[in-house]
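These notes are about the structure you will find just below.
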Amino acid sequence: MRILLIASAFNSLTQRVHTELRERGHTVGVELALGDGPVRAGVARFRPDLILAPMLTKAIPGDIWSRHTVLIVHPGPKGDRGPSSLDWAIHEGAAEWGVTVLQAVAEMDAGPIWASVPYPVPPCGKSELYRNEVADAALEAVLLAVERFESGWFTPEPLDYGRWDVRGRLRPYHAQEFRRIDWAADDTATVLRKLRSADSQPGVLDELYGREYFLHGGHAEDELRGAPGAVIATRDGAICRATVDGAVWIPQLRPRRTPGGPAAYKLPAAQVLGELLAGVPQSPISPVAAAWRNRTWSEIRYREEGRVGYLEFAFPGGAMSTGQCRRLLAAYREAVNRPTSVLVLGPARDFFSNGIHLNVIESAADPAEESWQNINAMDDLVEAVLTTGDKVTVAALPGNAAAGGLMLAIAADEVWCRESAVLNPHYRLMGLHGSEYWTYTLPRRVGAEWAARLTTQALPVGARQARLLGLVDRTKPGSAAEFRAWTVRRAEALAAAPELEQRLLEKKRRRADDEAVKPLAAYRAEELAEMRRNFWDPQEPYHALRRAFVHKACPVATPEHLLG
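Using numbering that gives the first Met the number 0, you'd call the opening residue of the sequence shown number 0 and step up by one each time.
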């Protein structure tokens, strides 16, 4: 079928639906919801058999849904209505929620139901929930709805609040009045629910040192204590605030924009507060210690099980600043020196990495120089992985990866990927040539022709397609927890394999042969020469594209590569 996706943004869920439908043989186009006129033109141009809206913040024009079947993906159970479904689910501590695919009608979220899939709600932030449990359920519901539509026999179920399985209700917008934290009264669990229900957007509006900020992200702390509401510690850019019965870590802040003032965006909390934190102690923690303390915050954790080391990292939004790259490199070097045979890299769930930290770069006094420092820090990290000779390295991707973050993954000897992950092996949309030794590693995996195609088409790649191309080595369906358990079993088997020693010898030989043909330093120098031009040539589009990304500027038209 010809299926048109209408979405407010080409976000992670829209990308996943896009890749899954294409893999199933459908012709898929995307039209960004940039106004009724452009949407009407996009529908007329594409001539769809079916319209899907995986992520939509505005209504579809009536003349479209009256002539075409338009299916809306709503992140709530049957009967749930309103723009803040996930916010309410987390805020109220729901143990289970759902995704419903319903047909567009005049009344928002009230159309006939084509599919509905439940999912558990683990204790995590809204964005992490959205990219994992919500996305898994949404895809299952979308594929079921598409199958039912294609069959021609299915009759969607009218919304009926009298039915036993219709548990949702119309809810208001989750405004700041519902999110406000009372530091003198709210316990840690309550504070965490409020923070997590707003972690990506819009954040929780609060006051610190006499100024207003939006708080983004929330993680429990099991040891530090202080006066409720006080900032009692910092760690790797995050701040720790005391509650009435404990404390929470807040990784990012966004200053509240004042009328006529500059645009504000999320940054590491300690960077935003700066000198206001004078006198607040640092509370460092090693990756090993962090792995033993579940109820504290750390971007990097390291643990060992037998002959396998696990270097886990989880950076907000998947972006890695210069400092984060350097801290991860230091942890990697320590892990390499441990007496293990296999080293597994990657988070327990969610993003693997999306490459350099555009927000931190945007905030720098000299963005070009900070871009340069950041890309070199990424290169140092990738080089360390590429030159590790006495261990088998495995990149385990439970979630999405893009640009330099994906190139970090493919520097490992093996790449294992959860089937729900979406990969974006390109830099083009940010106007960058890219580095991280991709000109060596990507052709080595997929061949020169596919390397050129992937980096120029700028389209997402599903995990199964990535496996067929050779971009990843193994894929596994199921939840993030199931993927993690599978990864542990496979890593243990790899470490115990009798051919491991021979494999390491072959790895060293191949690296030596490749180095003799063309040194890694030559790849890096060639890539960085292009990146230097991207960063400092005033005619290059990088800085304008970065600013548009950071400040969430709305595009004027749907990019041509998405039109299908």
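Quick reminder that beta carbons are idealized off the backbone N, C-alpha and C, glycines included. Computed from a prediction, not measured in an experiment: that's the story for all the values here.
With H, G and I counted as helix, E and B as strand and the rest as coil, what does DSSP make of residue i?
i: Asp159; result: coil
i: Asn241; result: Note that residue 241 is Ala in the sequence shown here, rather than Asn. DSSP places Ala241 in strand when its eight states are reduced to three.
i: Ser352; result: strand
i: Arg300; result: strand
i: Val29; result: strand
i: Val471; result: coil
i: Cys416; result: strand
i: Ala394; result: strand
i: Leu327; result: helix
i: Tyr212; result: strand
i: Asn10; result: coil
i: Phe312; result: strand
i: Ile409; result: coil
i: Ala136; result: helix
i: Ala400; result: strand
i: Thr387; result: coil
i: Thr233; result: strand
i: Met0; result: coil
i: Gly566; result: The structure shown does not extend to residue 566, since the chain spans only 0 to 563, so no value can be given for it.
i: Leu142; result: helix
i: Gly322; result: helix
i: Gly151; result: coil
Spatial neighbours of residue i within its chain, please: CB distance less than 6 Å, with the 5 preceding and 5 following residues excluded, ordered by chain position.
i: Ser320; result: His356 and Val359
i: Tyr426; result: Ala402 and Gly433
i: Val471; result: Val414, Cys416 and Ala465
i: Ser84; result: Pro74 and Gly75
i: Ala183; result: Pro227
i: His67; result: Ile50
i: Arg170; result: Gly81 and Trp87
i: Cys239; result: Glu220, Leu223, Ile231, Ala232, Ala246 and Trp248
i: Glu206; result: none
i: Ala367; result: Phe534 and Trp535
Could you tell me whether the Cβ atoms of residue i and residue j are closer together than 7 Å?
i: Glu435; j: Val381; result: yes
i: Pro250; j: Pro315; result: yes
i: Val141; j: Val16; result: yes
i: Val460; j: Leu422; result: yes
i: His441; j: Ala450; result: Correcting the residue identity first, residue 441 is Leu in this sequence and not His. Taking 7 Å as the Cβ cut-off, Leu441 and Ala450 qualify as a contacting pair.
i: Gly28; j: Phe45; result: yes
i: Lys73; j: Asp108; result: According to the sequence displayed, residue 73 carries His and not Lys. Yes, they are a contact pair.
i: Cys343; j: Val414; result: The sequence as given places Val at residue 343; Cys does not occur at that position. No, these two residues do not count as a Cβ contact at 7 Å.
i: Leu396; j: Ser352; result: no
i: Ser196; j: Ser126; result: no
i: Leu55; j: Leu70; result: no
i: Tyr541; j: Asn533; result: yes
i: Arg168; j: Trp113; result: no
i: Ala40; j: Ser7; result: no
i: Leu138; j: Glu19; result: yes
i: Leu191; j: Val203; result: no
i: Gly92; j: Gln102; result: no
i: Pro424; j: Leu453; result: yes
i: Val341; j: Leu493; result: yes
i: Ala268; j: Ala318; result: no
In its own chain, which residues sit with a C-beta less than 8 Å from the C-beta of residue i, not counting the 5 before and 5 after it?
i: Tyr118; result: Glu95, Trp96, Gly97, Val98, Glu132, Val133, Asp135 and Ala136
i: Pro346; result: Glu311, Phe312, Ala313, Pro397 and Gly398
i: Thr474; result: Trp415, Cys416, Arg417, Glu418, Ala462, Arg463, Ala465 and Arg466
i: Ala105; result: Gly61
i: Leu266; result: Gln251, Leu252, Arg253, Asn358, Val359 and Ser362
i: Asp186; result: Thr242, Val243, Asp244 and Gly245
Strictly under 7 Å for the Cβ-Cβ distance: is residue i near chain C by that measure?
i: Pro346; result: Judged by its chain identifiers, the structure shown contains no chain C, having just a single protein chain.
Among residues of its own chain, excluding the 5 on either side of residue i, which ones have a beta-carbon nearer than 7 Å to its beta-carbon?
i: Pro570; result: Look at the range of the chain in this structure, 0 to 563, and you will see that residue 570 is not part of it.
i: Glu529; result: His432
i: Thr486; result: Val343, Ala395 and Trp415
Ranges of the beta strand (DSSP E) found wholly within the stretch 58–121, counting only runs of at least 3: Those beta strand (DSSP E) runs which fall completely within the stretch 58–121 and span 3+ residues are 69–73, 95–102 and 112–119.
Are the stretch 293–306 and the stretch 376–392 touching, with three or more C-beta to C-beta distances below 8 Å? The answer is no - the stretch 376–392 does not touch the stretch 293–306, with fewer than three Cβ pairs under 8 Å.
Only counting runs of 3 or more residues, tell me where the beta strand (DSSP E) segments fall wholly within the stretch 494–539, in order along the chain. The qualifying runs do not exist here; there are none.
Scan the stretch 240–297 and note each continuous alpha helix (DSSP H) run of 4 residues or more that stays entirely inside, going in chain order. Listed in chain order, the complete alpha helix (DSSP H) runs (minimum 4 residues) inside the stretch 240–297 are 268–272 and 286–291.
Report yes or no: do the stretch 223–237 and the stretch 271–289 share at least 3 C-beta pairs separated by less than 8 Å? The stretch 223–237 and the stretch 271–289 touch, with no fewer than 3 CB-CB distances between them shorter than 8 Å.
Please list the segments of the alpha helix (DSSP H) lying wholly inside the stretch 176–228, counting only runs of 4 or more residues, in order along the chain. As for any alpha helix (DSSP H) of minimum length 4 sitting wholly inside the stretch 176–228, the runs are 187–195, ordered along the chain.
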